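Below: one structure, written as structure tokens.
In our numbering, the protein residues as written are 15 to 256.
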């Protein structure tokens, strides 16, 4: 087995990125993005370069009027989304496995955490426990595996996710390769890539990667079946950080 952690529990590549930052070869933001994409927590990443993670913003004051203007576009199956404005609507009830933050770090949403091996050919995803869909169903590893099957389906025209996980796809069938995405237990999923891929986490945070319920039909407008885990996940995350 390839060793993928240092004695301190940090991915071996993180030390290399820290040295590149010190040498001026990469920016602080790029350092944070690369290390957290490999499963290093934001707090640990900041600590490696002698900084403290930024303080979280205070909750907004209740009351008043907030006016927002944006372009709106017709809704479609999230994996077919070709404009971020589409996602700005379904974000109201759908959620992502991972979130990309303004400081360049990646944060777990429906995932509690993740780890990558040394050459980024294996990822272990830990599902956040206690999250429910807003129809009462539990959110589990089965939902994660099912969404990966949707994302990797290259037979669906316009699937914006199909080319993002080539290491999980059978080139002949253009479907998820057998054994590439495995449920280890109810809250753990293992990805086995056929190639090294450090873009797995960034791709999971992009706007077409919204996680959908099993009842959503292929190609269906998600607003006609607004089942999602968003409120539950956000409340869970808020309580965990309080």
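Note that the Cβ used here is the ideal one computed from N, Cα and C, for glycine as well.
None of these values were measured; they are calculated from a predicted model.
How is residue i classed by DSSP in three states: helix, strand or coil?
| i | result |
| --- | --- |
| residue 231 | coil |
| residue 177 | coil |
| residue 199 | strand |
| residue 138 | strand |
| residue 206 | strand |
| residue 183 | strand |
| residue 143 | coil |
| residue 170 | coil |
What whole-angstrom Cβ distance do residue i and residue j have, given they're in contact under 8 angstroms?
| i | j | result |
| --- | --- | --- |
| residue 104 | residue 124 | Actually they do not touch by this definition, with Cβ atoms about 15 angstroms apart. |
| residue 101 | residue 221 | 4 angstroms |
| residue 81 | residue 165 | No, residue 81 and residue 165 are not in contact; Cβ-Cβ is about 35 angstroms, not under 8 angstroms. |
| residue 157 | residue 225 | 7 angstroms |
| residue 50 | residue 120 | 4 angstroms |
| residue 209 | residue 180 | 7 angstroms |
| residue 67 | residue 57 | 5 angstroms |
| residue 35 | residue 136 | The Cβ separation is near 26 angstroms, so there is no contact. |
Rounded to whole angstroms, what's the CA-CA distance from residue i to residue j? Just pull it up for me.
| i | j | result |
| --- | --- | --- |
| residue 163 | residue 188 | 11 angstroms |
| residue 85 | residue 99 | 7 angstroms |
| residue 79 | residue 47 | 35 angstroms |
| residue 152 | residue 33 | 43 angstroms |
| residue 31 | residue 43 | 11 angstroms |
| residue 160 | residue 115 | 26 angstroms |
| residue 59 | residue 201 | 25 angstroms |
| residue 191 | residue 76 | 48 angstroms |
| residue 130 | residue 211 | 10 angstroms |
| residue 144 | residue 199 | 15 angstroms |
| residue 251 | residue 118 | In this predicted model, residue 251 has a pLDDT of only 49, less than 50, meaning its place in the structure is not dependable; the value taken from the coordinates is given anyway. Going by the C-alpha atoms only, they are around 19 angstroms apart. |
| residue 232 | residue 87 | 19 angstroms |
| residue 54 | residue 61 | 11 angstroms |
Thinking C-alpha only, which one of the options is nearest residue i?
| i | options | result |
| --- | --- | --- |
| residue 141 | 223, 89, 128 | 128 |
| residue 52 | 203, 63, 89, 138 | 138 |
| residue 239 | 147, 119, 37 | 147 |
| residue 218 | 73, 64, 113 | 113 |
| residue 91 | 118, 150, 175 | 175 |
| residue 63 | 73, 40, 83 | 40 |
* Asked: Unbroken beta strand (DSSP E) runs of length 3 or more, entirely within the region 104-129: which are they?
  -> Fully enclosed beta strand (DSSP E) runs of no fewer than 3 residues occupy 112-114, 120-122 of the region 104-129, in order along the chain.
* Those runs of the alpha helix (DSSP H) which lie wholly inside the region 26-97 and span at least 4 residues -> The qualifying runs are 26-36, 42-51, 56-62.
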